[in-house]
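As you go down the protein sequences, you meet chains A and B in turn.
Quick note on numbering: UniProt numbering labels position 203 of the first sequence as 203, and the sequence is numbered without any gaps.
Quick note on numbering: UniProt numbering labels position 398 of the second sequence as 398, and the sequence is numbered without any gaps.
Remarks on the structure that follows.
2 protein chains.
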Amino acid sequence: MGCGHKDDKASLASSQTASFSHQPHQPPSPPTSKEVWKKGGRMFSILLAVHLALLACTLVSSGAFEKIAVHDYDVFFLLTIMMLIVIVWIIFYLVSTSRCPDAIPCKDSHAGPVWLRGGLILFAIFSLVMDVFKIGYYSSFYSCLSAIKIIYPIVQAIFVIIQTYFLWVSAKDCVHVHLNVTRCGLMLTLTTNLAVWMSAVTDESVHKAHSKLKKNVTEEIFKCQICQIFKNGYFWLYPFNIEYSLFASAMVYVMWKNVGRFIDHHSHHIHRLKFRLFQRTFFVGIVLGLITLVSGLGVLIVYEVQVNSSNDSSKKNEALTMYYIFNIVCLGLMSLVCIGGSVTYRFDKRDMDRHKNPTRTLDVALLMGAALGQYAISYYSIVAIVASTSRDAISALNLTYALLMIAQHTFQNIFIIEGLHRQPPKEDRKHDLHQKNPYGLTFVNVNAVSLRIPDSGSALAPSTVPGIEAIRPSELVQSLTGSKKMNWRRKFLREISMFLLLSNIILWIMPAFGARPQFDNDKELNFYGDSMWPAIVDICLPFGIFYRMHAVASLLEVYIMS
Amino acid sequence: MGCGHKDDKASLASSQTASFSHQPHQPPSPPTSKEVWKKGGRMFSILLAVHLALLACTLVSSGAFEKIAVHDYDVFFLLTIMMLIVIVWIIFYLVSTSRCPDAIPCKDSHAGPVWLRGGLILFAIFSLVMDVFKIGYYSSFYSCLSAIKIIYPIVQAIFVIIQTYFLWVSAKDCVHVHLNVTRCGLMLTLTTNLAVWMSAVTDESVHKAHSKLKKNVTEEIFKCQICQIFKNGYFWLYPFNIEYSLFASAMVYVMWKNVGRFIDHHSHHIHRLKFRLFQRTFFVGIVLGLITLVSGLGVLIVYEVQVNSSNDSSKKNEALTMYYIFNIVCLGLMSLVCIGGSVTYRFDKRDMDRHKNPTRTLDVALLMGAALGQYAISYYSIVAIVASTSRDAISALNLTYALLMIAQHTFQNIFIIEGLHRQPPKEDRKHDLHQKNPYGLTFVNVNAVSLRIPDSGSALAPSTVPGIEAIRPSELVQSLTGSKKMNWRRKFLREISMFLLLSNIILWIMPAFGARPQFDNDKELNFYGDSMWPAIVDICLPFGIFYRMHAVASLLEVYIMS
């Protein structure tokens, strides 16, 4: 197997010389003309991913319709083959990089932060439980089903275990051997995760639609009680599997962006993550957030029970009214808090962090992109309500809910993006400076959380490398006079992030575990018809749910950085 | 009105100092902390565009269905208001930039090349004719229609005239006053064009679907013959209006990317576009291309006549067979030629051009993105044909056609992207060096077409600025020995680009002017049903048609550069 041919050998040497030299203000030397063209190497892997994703998308969407002669086992067959190829590639990758000492000359400290990897393991465990339930459910029908229905969850379980291990150990790697093979392998992994995600989302939507539409017509009769438990169990665990695929996709994408990248080691020695959750003073944010979370759980349970059990339309309306009122209060509060946070950032004197950071670019793109799902649902709701002639209380609540949903997503995105682009707080660094100067120490001991310290190996603005030279005398004076004011601001931002974080969790839980006011309230269903409105919701809602999960991760980062 | 406050005044000064200094190897000084954060300024305009686009998309998609209580005049009302706002903003922009002498300190020479602006004017003229036809058609129904149906084409005509003038004079501008207003105005213009595009595409699809499905049921009776001519006329002119909107969108997007950008003037003095079409030797490419174009036009006319006039299924099958065979031959030839071109590039010794260039980045993204439309249609076709049990000659031809469509798009994209990323040919510059050295001239007279000469004002690799210092002695020797070989390669690439260009024109004309084998061949329609397959084709085909137009523009650029 060996280390393979190194395409970037020449530029590896020149770049490392540049980064270990004693002139940190000099950018790394420009790539030589012999260096393989990076865009060209990426293009092939992108083409591979696009074609595989389209093929999977075609099969999944065709398999979702009963009248179309594509069946779910065709989809499972494709997914099983893709997962097997990815498993083989991951083993090849792990063996080849462990054998070759200079395969990974540097690591991207921004990639795969510990809570992302922790979340991945949590979702992986739930996915494994789901696979066990699936195997149990399908094995009771073994005689009359095709073998692929049992093989698929078994292969998926192996895939989840191996991929989670792979991402745990390799998420930060900047690989420098087998560049093209690695790019293609990573894109294959990404596409497989997206295909599994598409399949799970479609499967869940079809199941939801069936249980909503056929509930009153026929009650399925199961011979054994345990099959029913297995089936209900794995449908309840689908949201975790869906999130697992998305988390894994995001981490694999960042790994793909980092293939062949060089990062200066200097700036990465000085910061360590210290998540001092309980050393910080906070109270209002977490209390308000916990109240929202607990009352939201209560509302969800009452709503599910009332909507699903009774055919009484007045009880259903009561449940809908309660659901909308809770959401309107929650979204209104969150919007106000986000506006407050953005205003606070306006008065913040911290520098913007403009450095190259694939993880952050992806974060921002995912936040903006995933919000489109909820935006679309809300706009369709608004048009339906405004264009309908009948007016009642539920419609008014639904309209307010849709408008606030748009406002809240917009303000929250602005708040999070501003937060992610701030430099880590300066007070801590100034503090260090004060402590350090009397002793003349040269070692910079940054004792705050400094996740976003820029890597000077990247392209632009090398003179803003954080350190002693970046602090101007005027700021030293300011740090003596204005530190109390600054601390008040930082505390406020922390409270805001904590409240928003907990509120986003409850707004994730509600749709992820089955609350569908979009169907229970029949306004839009009557307006757009039985085929268009379910299509809109089933395509857009998964993005809306993913948005909440992703906002939680980003808000945790904003919390730590403020 | 005045010049407004200049947010980037400080960095304007520092950047210009850097770019006019005598150290071309030094990158421009990093932005100061006082400089307004570019991403933040862009974010608001993006949010505005996203919300407006979603609102327009909701109304347009709802208006397309007869049973939904949103009517086309609701859509026209929104579009009219948007166009009026854009007209006001364009006038404000033109007045404010003409009053303020330093509003546009530099121009992006890559933006708005002359054939793009020429194409824009051509499509604008056809759009105006279409508007005249529309006004004529609707004014004959004036008594029973709402006024907006006549106001809309009038406002659209004014909008087209003013926007075309605006893009003709301002496409290259890098604006530096009213940064945020300009960004929002440009995004509003972009969204308006996209909304007009969506509306036109939907209108045309609905019209096509009606004429296909209702053709045999009822024949519409018009009181006056002239109304019928007007109606047919404006539906025939729709493809031009659709392309106009997309061309304008692309140019406005590049202007938006260039707001607040600084470009070094040095590197832009030395190149001028010299499109020496008839001084170059070519023969095979243009002859083959013209044969394809003419025979394609013949095939299209025969196909349209046979499919539309007769209800005889054997004649229809004949027409489909002829259409598929022509396309298979054409696509096969194009794929082979693209592979040949890519192989030629592999042996090409020219350097890759890695410099920042928003126009090129957009070109590549649009090529890759627009190809997805045709990919999706082809994959759905393949799945339908493979999963169907019945096999006949038409299905085999359709399958080959779909597979070749995928292959041709892929190979053509690789060829174009490689071509766009090449430096302009070196021989000309070496030639200049030879001519220059005996006389000791310092003025670099590049007499070839050098569209892609990098701007050293952008971020990376300032040492590869074209000029005398970039040419190594080994290359000088090579230029003496290998210039014949090089010329043969360049000639081959030119032939290829010219053939591909003409072939793409005929592949644009065919679907744009009504050939719909996707519906005439009823395989997929039976497989996916009457609602899903039209939805797939109507959403994806406009992107496929746009791909062809855009490929023509890109191939023209590749032709000029090789």
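Using N, Cα and C, we set each Cβ at its ideal position, and we do this for glycine too.
Taking 8 Å as the cut-off, the Cβ atoms of lysine 107(B) and lysine 172(B) count as close.
Within the same chain, Val70, Asp74, Val75, Leu78 come within 7 Å of leucine 59(A) by CB-CB distance, once the 5 residues on both sides are set aside. Going by DSSP, histidine 178(B) is part of no alpha helix (DSSP H) at all; its letter is neither H nor E. A direct Cα-Cα distance of roughly 9 Å separates methionine 352(B) from glycine 419(B). Proximity of chain A to methionine 43(B) at the Cβ level (cut-off 8 Å) is accounted for by Ile414, Ile417, in chain order. The secondary-structure analysis by DSSP pairs arginine 422(A) across a beta bridge with Met352(A).
Against chain B, the CB of alanine 49(A) has no partner CB under 8 Å away; the residue lies outside that interface. Only those residues of the stretch 68-87 of chain A whose C-beta falls short of 7 Å from the nearest C-beta of chain B are listed: Ile68, Ala69, Val70. Under DSSP, lysine 107(B) shares a beta bridge with Asp173(B). In the same chain as glycine 233(A), and ignoring 5 residues on each side of it, the C-beta atoms closer than 6 Å to its own belong to Phe133, in chain order. Per DSSP, reduced to three states, the secondary structure at alanine 370(B) is helical. Below 8 Å, too few C-beta pairs join the stretch 354-365 of chain B and the stretch 378-392 of chain B to call them touching: fewer than three. Within a 10 Å sphere around the beta-carbon of valine 305(B) sit fewer than 16 other beta-carbons, which makes this residue exposed. In the three-state reduction of the DSSP assignment, serine 562(A) falls in the coil class, being assigned neither a helical nor a strand state. Valine 299(A) and threonine 292(A) have their C-alpha atoms roughly 10 Å apart.
Only Leu54, Leu55, Cys57, Thr58, Leu59, Ser61, Ser62, Phe65, Lys67, Ile68, Ala69 from the stretch 54-69 of chain A bring a Cβ to less than 9 Å from some Cβ of chain B. Residue environment analysis places glutamate 66(B) among the exposed positions, since fewer than 16 neighbouring C-beta atoms fall within 10 angstroms of its C-beta. If you ignore the 5 residues before and after isoleucine 162(A), its C-beta comes within less than 6 Å of the C-beta of Ile87, Ile90, all in its own chain and listed in chain order. By the C-beta criterion, the stretch 121-137 of chain B is judged to be in contact with the stretch 146-154 of chain B, since at least 3 inter-stretch pairs fall below 8 Å. Three or more beta-carbon pairs separated by less than 8 Å link the stretch 391-408 of chain B to the stretch 372-382 of chain B, which places the two stretches in contact. Looking at the backbone, the Cα of aspartate 520(A) and that of glutamine 408(A) are separated by about 23 Å.
Along the stretch 527-541 of chain B, the positions whose C-beta sits under 8 Å from a C-beta of chain A are Phe527, Tyr528, Gly529, Ser531, Met532, read in chain order. With its beta carbon at least 8 Å from every one in chain A, valine 294(B) lies outside the interface. Looking at the backbone, the Cα of glycine 185(A) and that of threonine 202(B) are separated by about 40 Å.
Taking the C-beta atoms as reference points, methionine 334(B) is found nearer than 8 Å to serine 503(B). Scanning His550(B), Phe92(B), Phe283(B), Ile46(B) for the CA closest to the CA of isoleucine 417(B) turns up His550(B). Using a Cβ-Cβ cut-off of 8 Å, threonine 202(A) does not count as an interface residue toward chain B, since no Cβ of chain B sits closer than that to its own. For the stretch 491-524 of chain B, the full-length alpha helix (DSSP H) segments reaching 4 residues or more read 517-520 along the chain. Taking a C-beta distance under 8 Å as the contact criterion, serine 140(A) and cysteine 227(A) qualify as a contact pair. Residues of chain B whose Cβ lies closer than 7 Å to the Cβ of tyrosine 380(A) are, in chain order, Thr58.
At a beta-carbon threshold of 9 Å, the residues of chain B lying near tyrosine 375(A) are Val50, His51, Leu54, ordered along the chain. By the Cβ criterion, the stretch 233-243 of chain A is not in contact with the stretch 527-535 of chain A, since fewer than three pairs of Cβ atoms, one from each stretch, lie closer than 8 Å. One thing to note: isoleucine 414(A) has its Cβ within 8 Å of the Cβ of serine 342(A).
Taking C-beta atoms as the reference points, alanine 103(A) and histidine 210(A) fail to come closer than 8 Å.
Interface criterion not met: the Cβ of valine 558(B) is under 8 Å from no Cβ in chain A. Close CB contacts of valine 302(B) within its chain, under the 8 Å cut and outside five residues either way in sequence, are with Ala319, Met322 (chain order).
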